[in-house]
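Under our numbering, think of the first position of the sequence shown as 41, with each following residue one higher.
Just so you know, even glycine gets a beta-carbon here, dropped at the ideal spot from N, CA and C.
Inspection log for the structure reproduced underneath, given as structure tokens.
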Amino acid sequence: MALEKSDLSALSRDASLLDRPFLTAQAIDLSRPLTPNALAVISVLQNPDLKALRLKAGVSDAQAFAARLLPDPTAQLGFDKLLSGPDMLNGLAGQIGFDLSALRTRNVTAESARATRLQVRLDLAWAEWQTSAAARLQGARIVGLERQLGLVRTSAASADDLLQRSLRAATRGDISASDTDARRLAALDASDRLRTIDRDLTAARLELNRLLGLPPSFLLRLAPAAAPSAPPSTDILFAQAVARRLDLQALRAGYDASEANTRKAILDQFPNLSLTVASARDTAGNVTVGPQIGLSLPLWNRNRGGIAITQATRAQFHAEYDARLFQTRADIAAASASLATIQRQRTALRAAMPALERLADATTRAGMRGDLSKATIQTATQTLRDRQIALAALDQQAAETLISLELLSGGPSEVWNR
């Protein structure tokens with residue numbers, strides 16, 4: 041399914057004007073390989089869930105605007121038709137009333153609405169950051185799986201070729217049945233690995249298209265990501281997370297809103313006042329005017345239920361914030377430890393690669409001279425290929441873990457050391 045040219049041009053225009061602190065605005069060309077930043081930009085602009093959240097943010101803006109408005113006064117008019125009696129006039133009455141309690145709580149109501157609006161905006165920004173990181177993670181996964189797929193496909197073809205040779209040799213009695221069974225198991229294992237990686241690659245492509253708001257059948261080409269900078273210590277990452285993570289800022293804004301709601305609930309325990317100015321003319325022509333004051337008597341309720349609810353809500357936000365901080369510290373420590381393990385494994389595997397490459401080259405040259413069988417050559421090259429597949433898998437895991445650390449710390453790797 042192809043996108044309309046007008047849609048593509050609108051996407052490119054919006055992407056070049058995008059203003060987000062964690063993204064770089066750039067024009068988008070879906071016919072060319074997309075960088076990780078381009079994937080993030082498209083996800084922020086096109087993701088359907090984010091579009092719905094932006095509409096929700098518009099509702100909070102309207103609620104904040106409504107909270108600043110003064111209540112309208114109330115007006116009443118009355119008419120008494122004279123039916124009998126000595127008087128000559130009809131009775132008239134009118135009054136206008138004002139809710140003074142709304143003026144008393146106007147400031148805290150507006151403060152609560154502003155804090156709620158800020159919370160919704162921060163939640164939206166955090167959702168955008170999460171979605172952009174998820175898109176970049178799927179991109180890194182696709183690049184890694186594509187790299188592994190080529191190696192695994194070659195391994196499966198080599199294992200199948202070696203199995204067919206073994207079966208023909210077994211019919212001639214040149215090799216034992218146990219050797220044939222071992223090569224059959226190796227071919228089955230290579231075939232299973234090929235199917236697994238192919239399935240994972242298909243799922244990653246579909247998930248990336250979903251995150252980008254693109255049709256499932258739309259084919260994307262991805263550019264490899266540049267090598268990210270090494271992450272700082274877990275303490276620095278946690279400090280940056282506390283300062284930068286938008287979900288933590290949203291929880292703080294939610295606490296501020298609940299604090300304002302608590303103050304409003306305390307004010308609501310006092311008598312609700314209303315002022316009414318009334319004027320009337322009776323059938324005798326007497327005209328009266330005077331104020332009326334109404335108030336509720338705080339004898340039994342005193343808004344104790346509302347105060348208890350707002351205080352419990354405020355305590356809930358405080359507990360959620362502490363729990364989020366605890367989880368953030370634990371997640372950063374786990375991701376950092378996982379990355380350190382992956383880096384050690386990559387270093388050890390890369391150190392062993394030159395020897396394996398020399399062995400594979402020497403075996404291939406010996407086979408070309410006729411000194412070794414083709415099965416021996418294939419075994420040596422397969423050993424090298426297995427290490428290359430393992431290294432590609434570790435590179436993919438390292439890239440995904442680094443993106444996870446970016447998400448957890450609340451900012452891209454470019455700002456880690458600032």
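DSSP three-state label for D139, please. strand
For N343, does the count of other Cβ atoms within 10 angstroms reach 16, so buried, or fall short, so exposed? buried
Which of the three DSSP states, helix, strand or coil, is assigned to S298? DSSP places S298 in helix when its eight states are reduced to three.
Hey, could you find the ends of the beta strand (DSSP E) V455 is sitting in? Counting along the chain, V455 falls outside any beta strand (DSSP E), and DSSP gives it neither H nor E.
Would you say A305 and G346 are within 8 Å of each other, going by their C-beta atoms? yes
For a quick check, are the C-beta atoms of L424 and A392 less than 8 Å apart? no
With distances taken from CA atoms, which of L442, R390, F138 is nearest A270? L442
Shortest alpha-carbon distance to F366 belongs to which of N147, A281, L228? A281
Contact between the segment 272-279 and the segment 99-107: three or more CB pairs below 8 Å? Between the segment 272-279 and the segment 99-107, the count of C-beta pairs closer than 8 Å stays below three; the two stretches do not touch.
Helix, strand or coil for T323? Go by DSSP, reduced to three states. coil
Cutoff 8 Å; reference Y295; Cβ partners in own chain excluding five residues on either side: R354, F357, H358, Y361
Reduced DSSP category for A42 - H, G, I as helix; E, B as strand; rest coil: Confidence at A42 is low in this model, with a pLDDT of 49, below 50, so the placement of that residue is unreliable and no value is reported for it.
I think A67 touches S56, with their Cβ atoms under 8 Å apart; what is that distance to the nearest whole Å? 5 Å
Mind pulling the alpha helix (DSSP H) runs of 4 or more residues that sit fully within the segment 261-318? Runs found: 274-284, 286-307.
With H, G and I counted as helix, E and B as strand and the rest as coil, what does DSSP make of P113? coil
Sort A165, A133, D89 by Cα distance to G451 and report the nearest one. A165
Give the single residue among A133, A438, A432 whose Cα lies nearest to the Cα of A325. Contrary to the premise, residue 325 reads as Gly rather than Ala in this sequence. The shortest C-alpha separation from G325 is found at A133.
Assigned exposure category for F119 - 16 Cβ within 10 Å defines buried: It is exposed - the Cβ of F119 has fewer than 16 other Cβ atoms within 10 Å.
Option in T75, N457, T194, T328 with minimal Cα separation from Q135: Comparing Cα positions, the closest option is T328.
With distance defined between alpha-carbon atoms, name the residue in T387, N249, A227, A438 nearest to S376. Measuring from the Cα of S376, the nearest candidate turns out to be A438.
In the DSSP assignment, find the alpha helix (DSSP H) that holds P255 and state where it starts and stops. Where P255 is concerned, there is no enclosing alpha helix (DSSP H), given that its DSSP letter is neither H nor E.
Output the boundary residues of the alpha helix (DSSP H) element that contains N77. 76-86
Three-state class that DSSP yields for P394 in the structure shown: helix
For R417, count neighbouring Cβ atoms within 10 angstroms of its own Cβ and tell me buried if that reaches 16, exposed if not. What sits at residue 417 in the sequence shown is Ile, not Arg. I417 is buried by the Cβ-count criterion.
In the DSSP assignment, what residue or residues form a beta bridge with V329? Per DSSP, S319.
Mind checking G98: buried by the 16 CB within 10 Å criterion, or exposed? It is exposed - the Cβ of G98 has fewer than 16 other Cβ atoms within 10 Å.
Output the distance between the C-alpha atoms of S195 and D219, rounded to the nearest integer angstrom. Distance from the CA of S195 to the CA of D219, rounded to the nearest whole angstrom, comes to 18 Å.
Give the range of the alpha helix (DSSP H) segment to which L158 is assigned. In the DSSP assignment, L158 falls within the unbroken alpha helix (DSSP H) covering 146-212.
State buried or exposed for I372, treating a residue as buried only when at least 16 other CB atoms are found within 10 Å of its CB. buried
State yes or no: is the C-beta of P268 within less than 8 Å of the C-beta of S453? yes
Indicate whether F461 and L315 have their beta-carbon atoms separated by less than 8 Å. Nothing can be reported for residue 461: it is not among the residues displayed for the chain, which extend from 41 to 458.
Candidates R233, L79, M128: which alpha carbon is nearest R250's? Closest by alpha carbon: L79.
Quick one: what does DSSP say L132 is sitting in, helix, strand or coil? In the structure shown, L132 sits in a strand (DSSP, three-state: E or B).
Among S298, L109, P88, L110, nearest to T156 - alpha-carbon criterion: S298
Looking at the secondary structure, which residues open and close the alpha helix (DSSP H) in which I215 lies? Counting along the chain, I215 falls outside any alpha helix (DSSP H), and DSSP gives it neither H nor E.
Taking buried to mean at least 16 other C-beta atoms within 10 Å of its own C-beta, is R181 buried or exposed? buried
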